[in-house]
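Take our numbering: the last position of the sequence shown gets the number 71, and nothing is skipped along the way.
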Amino acid sequence: MSGDQDHFGISPDAQDFVDVNIFEQILEMDDEGSDREFSKELVFGFFEQAENTFDEIGHSLARRGQD
């Protein structure tokens, strides 16, 4: 491992935002020798849900500001 990357290639800056233990558990759910299809789908789904949540928050705040 290089000095600026630890834990599955996650940079030290990103480790402030990623729970490495949970990330490792997610990776362990993948089938042996797979292209990490399960974990990719799980993580991408999380990001999509987060994006939708932030959009909903933005719309709610915009409506609230119009009152």
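Glycine residues also receive a C-beta, built at the ideal position from the N, C-alpha and C atoms.
The structure displayed is predicted, hence computed values, not measured ones.
- S15 is positioned such that its CB atom lies no closer than 9 Å to that of L31.
- In this structure, D35 lies near E41, with their beta-carbon atoms less than 9 Å apart.
- It is roughly 26 Å from the alpha-carbon of N25 to the alpha-carbon of N56.
- Relative to the Cα of V22, the nearest Cα in the group D59, A66 and F51 belongs to F51.
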